[in-house]
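Chemist:
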Amino acid sequence: MKNKVLLVILVMSLVCAWGSVGAAGQIGYSMRGAEKGFGFKPNPNPPSSAVMAFDGVIGRPLGLATTIVGTAAFLITLPVTIPSESTAEAAWGLVGRPGGWTFVRPLGRSEPLFEEEGVFQP
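Each residue of the sequence shown is one higher than the one before, counting from 1264 in this note's numbering.
#1: If you reduce the DSSP assignment to three classes, tell me which class residue 1319 lands in.
#2: According to DSSP, is residue 1339 part of a helix, a strand, or is it coil?
#3: Looking at the secondary structure, which residues open and close the alpha helix (DSSP H) in which residue 1360 lies?
#4: Spatial neighbours of residue 1362 within its chain, please: CB distance less than 6 Å, with the 5 preceding and 5 following residues excluded, ordered by chain position.
#5: Tell me, please, whether the segment 1363-1374 touches the segment 1316-1331 by the rule of three or more beta-carbon pairs shorter than 8 Å.
#6: Sorted by chain position, which residues of the same chain lie with C-beta nearer than 7 Å to residue 1333's C-beta, five sequence neighbours on each side aside?
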């Protein structure tokens, strides 16, 4: 009797959890998606191994150094950015952008998220 009650509670909780996530639109399950599969889809034009090696050996350590220096600069400029309410912009520019370029960007790739028009872009 006790096992049946536990089984019913478990099944009901799983059904409710799956239904709430599906109702929230987080899982778009369909038979078409199931037929395609959920496997790894390779990129049609991957970067060359030389670009990936250059990025891994030189680009990422420079990005890490830039992130560390940017963090120090952000902490130093914090007394100025708090009264001017520009802390979020300073954090993104000095820590977020270099950190994302270093840790989030795929190896050997230049993501458009981290490329902006400005001084170094035409």
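From the three backbone atoms N, C-alpha and C, an ideal C-beta is built for every residue, glycine too.
Modeler: So, from the listed chains and residues:
#1: When DSSP states are grouped into helix, strand and coil, residue 1319 belongs to the helix group.
#2: Secondary structure at residue 1339: helix, using DSSP grouped into helix, strand and coil.
#3: Its alpha helix (DSSP H) spans residues 1360-1366.
#4: Excluding sequence neighbours, residue 1362 sits near 1330.
#5: Inter-segment contact for the segment 1363-1374 and the segment 1316-1331 is present: three or more beta-carbon pairs are separated by less than 8 Å.
#6: Excluding positions up to five away in sequence, the list reads 1357, 1358 and 1361.
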